[in-house]
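**Q**
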Amino acid sequence: MGSLATFLKIMESPCYILTVRIIRMWNLRREDWFTESDCYVTLWLPTASQEKFRTKTVTNCKDPIWNEIFYFRIQSQVKNVLELTICDEDFYRNDDNRVIYFDVAKIPLGKSVMVKFELDHLENEEIEVEFTLENIESPPETIVTNGAVVCREFCRLEFQIDRKKRKKKKKHSKQQDVICTLKGSFEETQNISLTSANKLQCTGPSFFHYAKYNPAKLDILLPGKRSFLSFVCHS
1 MGSLATFLKI MESPCYILTV RIIRMWNLRR EDWFTESDCY VTLWLPTASQ EKFRTKTVTN
61 CKDPIWNEIF YFRIQSQVKN VLELTICDED FYRNDDNRVI YFDVAKIPLG KSVMVKFELD
121 HLENEEIEVE FTLENIESPP ETIVTNGAVV CREFCRLEFQ IDRKKRKKKK KHSKQQDVIC
181 TLKGSFEETQ NISLTSANKL QCTGPSFFHY AKYNPAKLDI LLPGKRSFLS FVCHS
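All letters in the sequence shown, in the order written, are residues 1 to 235 by the UniProt record's numbering.
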């Protein structure tokens with residue numbers, strides 16, 4: 001038997017830009033007896049981003065038109081399946097007929113493809129979506145693969161909290177931790193205690209580990225504050 005390294009291959013693989021245009025629907029099924037649906041569409045491509053995107057809501061309409069465009073940076077060596085969900089603003093229904101899974105591999109590189117997805121053939125309920133796959137002018141991504149599983153590059157974000165002496169005495173907040181969140185990271189959320197930091201020193205280093213392809217945003221909640229400070233992490 002060979003070693004694990006024997007079966008692993010390190011290679012450089014290009015990334016592409018996937019453009020998704022949510023165009024319109026026809027004959028949208030209403031969810032109540034009195035008005036038409038208040039419809040919007042969500043998009044989720046977990047191999048490109050942890051964030052779910054959505055269109056605007058078109059109110060009281062059975063043939064809504066959005067014509068909205070969304071962009072995703074995808075890796076060519078992984079299986080990219082886009083999830084589209086048809087939603088109503090006023091109703092929640094766990095309906096598999098309202099969820100569409102589309103394999104991006106069906107799109108030829110450098111081409112645009114218009115697709116009509118049939119949701120209910122009895123009511124002629126359809127949604128029209130345009131897909132475009134294009135090259136991107138950026139260095140290829142280094143990946144490790146055994147032919148079945150692909151490991152992608154990751155980043156490590158190191159940070160410290162600098163506790164400065166206050167100019168004026170203020171009422172102490174019950175919360176003495178700095179809450180740091182980086183969605184999609186391995187750690188997700190960390191509570192950094194300020195009690196361990198000297199007034200003139202920093203806390204010890206803390207780390208977040210996250211996939212390089214995932215757009216990263218660090219949210220920080222300071223003691224006594226109600227809103228987060230947000231910082232975009234550039235790899």
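Using N, Cα and C, we set each Cβ at its ideal position, and we do this for glycine too.
#1: What is the C-beta distance between LYS116 and GLU128, in whole angstroms, given that I count them as a contact (C-beta under 8 Å)?
#2: Any idea if LEU200 is buried or exposed, counting beta-carbon neighbours within 10 angstroms, 16 or more meaning buried?
#3: Closer than 6 Å by C-beta to ILE100: which residues in its own chain qualify, once you throw out the five before and the five after it? Chain order, please.
#4: Can you give me the C-alpha to C-alpha distance between VAL232 and GLU123, rounded to a whole angstrom?
#5: Would you kindly report the start and end of the unbroken beta strand (DSSP E) that includes VAL144?
#6: Secondary structure at ARG98, three-state DSSP: helix, strand or coil?
#7: Go ahead and pull the three-state DSSP assignment for ALA211.
#8: Would you mind reading off the limits of the beta strand (DSSP E) that contains SER230?
#9: Classify ASN27 as buried or exposed, calling it buried when 16 or more other Cβ atoms lie within 10 Å of its own Cβ.
#10: So within the UniProt domain "C2" (1-117), which uninterrupted alpha helix (DSSP H) runs reach at least 4 residues, ignoring any that extend past its ends?
**A** Here's the rundown:
#1: As a first step, residue 116 must be located in the sequence shown, where it is residue number 116. As a first step, residue 128 must be located in the sequence shown, where it is residue number 128. Right, their Cβ atoms sit about 5 Å apart.
#2: Taking the first residue of the sequence shown as 1, we reach residue 200 at position 200. In this predicted model, LEU200 has a pLDDT of only 48, less than 50, meaning its place in the structure is not dependable enough to derive any value.
#3: Here residue 100 corresponds to residue number 100 of the sequence shown, with the count starting at 1. Only LEU84, PHE117 meet the Cβ criterion.
#4: The sequence position of residue 232 within the sequence shown is 232, counting from 1. The sequence position of residue 123 within the sequence shown is 123, counting from 1. Using only the alpha carbons, I get a separation of about 45 Å.
#5: In the sequence shown, counting from the first residue as 1, residue 144 sits at position 144. Looking at the DSSP string, the run of the beta strand (DSSP E) that includes VAL144 is 141-145.
#6: One-based indexing of the sequence shown puts residue 98 at position 98. If DSSP states are grouped into helix, strand and coil, ARG98 belongs with the helices.
#7: Taking the sequence shown and counting its residues from 1, one reaches residue 211 at position 211. Strand at ALA211.
#8: Translated into positions along the sequence shown, residue 230 becomes position 230. Counting along the chain, the beta strand (DSSP E) containing SER230 begins and ends at 229-233.
#9: Counting from 1 along the sequence shown, the entry for residue 27 is found at position 27. The residue in question, ASN27, is exposed, as its Cβ has fewer than 16 Cβ neighbours within 10 Å.
#10: 4-7
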